[in-house]
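Beneath this line is the structure, given in structure tokens, with notes to follow.
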Amino acid sequence: MVLGRIRTDLALETKEKFEEERAEVRGVAVKEEYNEEKDIRTTTVTIETENGAKTMGRPQGVYITLEAPNLSVPDEGYHREISKELAKHMRSLLPPKKNLSILVVGLGNREITPDALGPDVVSNLHITRHIIREYGAEGAGEEAVHSISGLVPGVMAQTGMETLEIVQGVAEETKPDVIVAIDALAARSIKRLNRTIQITDTGISPGSGVGNHRNGLNQETLGKKVIGIGVPTVVDGATIVRDSMAHLLDTLEEEEKKEFLEEMIAPSLHNMFMTPKDVDDTIKRLSFTISEGLNMAFSKAEE
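Residues 1 to 303 (UniProt numbering) are what the sequence shown spells out, left to right.
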């Protein structure tokens, strides 16, 4: 989504933008929790009405955002805590069924590092569907209560097909109870880059954050509940300029600041996306963190 021409996939940032402009958004509830010991802030944005959805530019549903400042740091203990938080929220969104069939879709291009999060997560999952079909639930281990399958559909430039077309075909054949889609996102704030995880029960729209809109994966298009998980791995060039200049413009009114930035930021910057230089290691860590959280949620589901 574009806010003042700054793109973001995070519902939390959309809500913050309206708050900055002192605009009231009806039909949207926000709940915030902070775990000081773990240094994890959890914000749940619930879009409750059609009016709220129209204003926010997003489907009705729940958007859970985990903000962890040290998520980009190679600290295994800290990442383990993030995995546990992710697992807890995933369990709350999964259908209340003991033995689920779950299709995990890793969206993105494995050949482009900032876009490889989804494929890398699927590579680290405990895939059990084939074992359960062959040997029964016991063959997958006593903790494996769900049938997990994985799919990395690639991108249209590689396959010539819409991601939705591929997922629809696989879902029609395998008939999962729920689909989990993982994708790299775009953020409006540098501070959330590679430090934030968004979980939503509204599905996901591949490429929307970078303006490359593809058909969405959601309940309407797939006929199944779709849980979307994403991490912002890129920001556009305009965000860098805006954040760098913001402290210099504190004396201006909000409207004056907006007009000044619109004039200063070159249109070409909105088509330029940036990511940290250590993105290779970061994506590797994040993919392990998310896959571990999913493995926890899938194999230790609440009775």
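Heads up, the beta-carbon is just placed ideally off N, CA and C, and yes, glycines get one too. Everything numeric in this text was worked out from a predicted model, so none of it was measured.
Residue burial annotation: P206 is buried, with at least 16 other C-beta atoms found within 10 angstroms of its C-beta. For P59, DSSP assigns no beta-bridge partner whatsoever.
In this structure, V105 and I148 do not form a Cβ contact; the two beta carbons are roughly 12 Å apart against a cut-off of 8 Å. In chain order, E67, A68, P69, L71, S72 place their CB closer than 7 Å to the CB of R195, counting only its own chain and leaving out the 5 sequence neighbours on each side. Here DSSP, grouped into helix, strand and coil, assigns G27 to coil. Residue environment: R188 is assigned as buried (16 or more neighbouring CB atoms within 10 Å of its CB, all protein chains considered). By alpha-carbon distance to V167, the top candidate from G160, T159, P153, E220 is P153. Shown here, E67 sits in a strand according to DSSP, grouped into three states. Counting only residues of its own chain and dropping the five nearest sequence neighbours on each side, G61 has a CB closer than 7 Å to the CB of I47, T200, D201, T202.
According to DSSP, Q168 shares a beta bridge with no other residue. For L185, the beta-bridge partners assigned by DSSP are P232. Assigned with DSSP and collapsed to three states, V279 falls in helix.
Put simply, of E37, E111, I197, V45 the residue whose alpha carbon is nearest the alpha carbon of G77 is E37.
When the Cα atoms are used, P95 and D280 turn out to be separated by approximately 34 Å. Note: V121 is not bridge-paired with any residue in the DSSP secondary-structure output.
Beta-carbon to beta-carbon, A171 and L222 are separated by about 6 Å, close enough to satisfy the 8 Å threshold. Three or more beta-carbon pairs drawn from the region 118–126 and the region 172–183 are found closer than 8 Å, and the two stretches are therefore classed as touching.
P176 sits away from I229, with the two beta carbons spaced by 8 Å or more. The Cβ atoms of N218 and V226 lie closer than 8 Å to each other. Note on H130: under 16 other CB atoms within 10 angstroms of its CB, so exposed under the neighbour-count rule. Membership of G203 in any alpha helix (DSSP H) is not indicated, and neither H nor E is assigned to it by DSSP. By the beta-carbon neighbour count (other beta carbons within 10 angstroms, threshold 16), S92 is exposed. Annotated three-state conformation of L103 is strand, per DSSP. Per DSSP, the unbroken alpha helix (DSSP H) holding L12 starts and ends at 11–20.
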